[in-house]
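Counted from 1, the sequence shown has number 81 at position 81 by the UniProt record's numbering; the numbering is strictly sequential. Have a look at the structure below, then the notes.
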Amino acid sequence: MAEAYIVDALRSPTGRRKGGLSQIHAADLGAHVLRALVARNGIPDHEYDDVIFGCVDTIGPQAGDIARTSWLAAGLSQAVPGTTIDRQCGSSQQAVHFAAQAVMSGTQDVVIAGGVQCMTQIPISSAMTAAEPLGFSDPFSGSEGWVRRYGKQPPTQFKAAQMIAEKWGLSREALEAYALESHQRALRAIDEGRFVREIVPLAGVAQDETPRQTTLAKMAELDFLFGCERVTAAVSSQTCDAASALLIVSEAALRRYDLTPRARIHHISVRAEDPIWMLTAPIPATAYALKRAGMRLDDIDRVEINEAFASVAMAWLQETGYPHAQTNVNGGAIALGHPLGATGTRLMCSLLHELERSGGRYGLQTMCEGGGQANVTIIERL
């Protein structure tokens with residue numbers, strides 16, 4: 001089978017809610033990373049085969065196929081198409097998978113995979129309730145088949161995070177200690193300039209706005225979320241505004257444009273389990289991916305697992321036994337934010353740069369997704 005290579009990976013800073021990126025239109029935020037990616041690589045813009053973007057809550061400025069709109073807003077060739085996909089939080093990681101599959105199949109040579117999300121302007125789950133004026137309170141409870149199988153109460157990520165904390169014996173104090181470490185790692189990474197190569201500044205914002213100088217005492221003052229008993233905002237991913245993108249090409253494109261690959265996509269897969277638990281799928285998905293790839297966790301030098309909640313990453317660490325010291329080493333979504341549709345390629349961008357910084361060979365990325373799903377991507381640094 002043909003190989004798929006990562007030639008470049010970049011992202012905007014993560015702008016905190018109502019922060020420095022909050023007033024930028026989604027198409028312009030997406031255009032920012034696309035324009036930078038094209039400018040940094042010697043491929044004429046009309047010779048790109050496709051642009052695949054992840055985005056969730058595609059209403060308002062995020063509606064109308066934001067991948068295509070962002071490409072056009074960047075002033076790039078009208079001949080290049082774009083498509084927007086929604087695998088919830090894993091949308092842009094799935095964009096990477098689709099781009100890799102297109103290249104591996106031989107049907108395309110040059111594909112951009114990325115994502116964009118403006119969570120200040122379009123709050124999380126806006127699409128879930130957008131049809132209320134039409135008589136639909138949510139996407140689930142009106143389905144006879146769904147209600148027969150899972151009940152009338154729609155699944156919620158907050159309940160899932162609480163269930164995970166209970167099942168894996170994670171106290172509020174343990175969750176908060178993990179969250180504090182995420183912020184400390186991110187702040188250290190910023191101080192040491194670890195993100196400089198991957199971030200393309202925008203609107204006067206040159207670094208991630210989301211990491212906080214906080215303490216366990218401050219975290220202990222927060223109220224629980226939505227009836228939870230251990231989960232607070234302190235141990236949850238931050239809403240933010242951001243975009244990110246990767247350039248994925250074939251071996252033929254490497255030769256044609258005289259490009260130097262930075263990594264090879266070694267494995268891609270996606271698995272799922274109970275949608276009510278929702279956030280636990282990275283655990284079986286990791287085992288599945290490693291088996292399919294013929295690898296062990298000992299082969300993996302760095303892991304990025306999305307910190308949708310501290311309990312998600314902590315349960316994964318507990319079940320796999322993988323070292324926390326090699327996981328989210330520069331902070332996770334608790335500190336760096338979770339811009340939904342852009343998070344998958346944000347994580348991949350950071351994973352690639354961290355492998356290059358540390359000299360590691362293999363990196364694994366996974367994240368929980370709505371519907372009880374999880375993508376896993378393994379890359380090999382070249």
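Glycine is no exception: its CB is placed at the ideal position from the N, C-alpha and C atoms.
By the Cβ-count criterion, R255 is exposed, with fewer than 16 other Cβ atoms from all chains shown falling within 10 Å of its own Cβ. With the rule of 3 Cβ pairs closer than 8 Å, the segment 198-212 does not count as touching the segment 139-155.
Of A308, A100, V56, R361, the smallest CA-CA separation from M128 is found for V56. Measuring C-alpha to C-alpha distances from T107 to each of A252, A293, A315, R361 identifies A252 as the nearest. In the DSSP annotation of this structure, the continuous segment of the beta strand (DSSP E) that includes Y362 starts and ends at 362-369.
For T156, the secondary structure class from DSSP, reduced to helix, strand or coil, is coil. Listed as beta-bridge partners of A113 by DSSP are I52, L246. 7 Å or more divides the Cβ of I59 from the Cβ of A95. Taking the Cβ atoms as the reference, A9 lies roughly 7 Å from E198, within the contact range of under 8 Å. Apart from the 5 residues on each side of it in sequence, A179 sits with its Cβ closer than 6 Å to the Cβ of A234, V235, A310, I334 in its chain, given in chain order. Looking from the CA of A220, the closest CA among Q326, P211, V231 belongs to V231.
At the C-beta level, I112 and L247 come within 7 Å of one another. With distances taken between CA atoms, L37 lies nearest to L76 out of L76, G15, I24, Q62. Taking 3 residues as the minimum length, the beta strand (DSSP E) runs contained wholly in the segment 26-75 are 50-54, in order along the chain.
About 17 Å separates the beta carbons of Q162 and A281, which is beyond the 8 Å limit, so they are not a contact pair. Taking C-beta atoms under 8 Å as the contact rule, M348 and G90 fail to qualify, at a distance of about 11 Å. When DSSP assignments are scanned along the UniProt domain "Thiolase C-terminal" (260-381), the uninterrupted stretches of beta strand (DSSP E) that are 3 or more residues long and fall wholly within it turn out to be 263-272, 302-305, 362-369, 373-381. The beta-bridge partner set that DSSP reports for I85 consists of G54.
Within the segment 130-180, no run of beta strand (DSSP E) reaches 3 residues while sitting entirely inside it.
Beyond the five residues adjoining it in sequence on each side, A130 comes within less than 7 Å, by CB distance, of I59 in the same chain, given in chain order.
In this structure R40 is exposed. Its beta-carbon is surrounded by fewer than 16 other beta-carbon atoms within 10 angstroms. In this structure, the beta-carbon distance from G370 to E209 does not fall below 7 Å. Nearest in C-alpha terms to H266, of all of L134, A242, D299, D258, is D299. Assignment of S237 by DSSP, reduced to helix, strand and coil, places it in the coil class.
Here D223 is exposed: its Cβ has fewer than 16 other Cβ atoms, across all protein chains shown, within 10 Å. Comparing alpha-carbon positions, the option among Y5, G359, N375, T214 lying closest to V103 turns out to be Y5.
Separation of V196 and A313 (C-alpha to C-alpha, rounded to the nearest whole angstrom) is 26 Å. Annotated as distal: T69 and A242, with beta-carbon spacing of 7 Å or more.
I305 is positioned such that its CB atom lies no closer than 7 Å to that of T377. According to the DSSP assignment, L10 belongs to no alpha helix (DSSP H) but to the beta strand (DSSP E) extending over 5-11.
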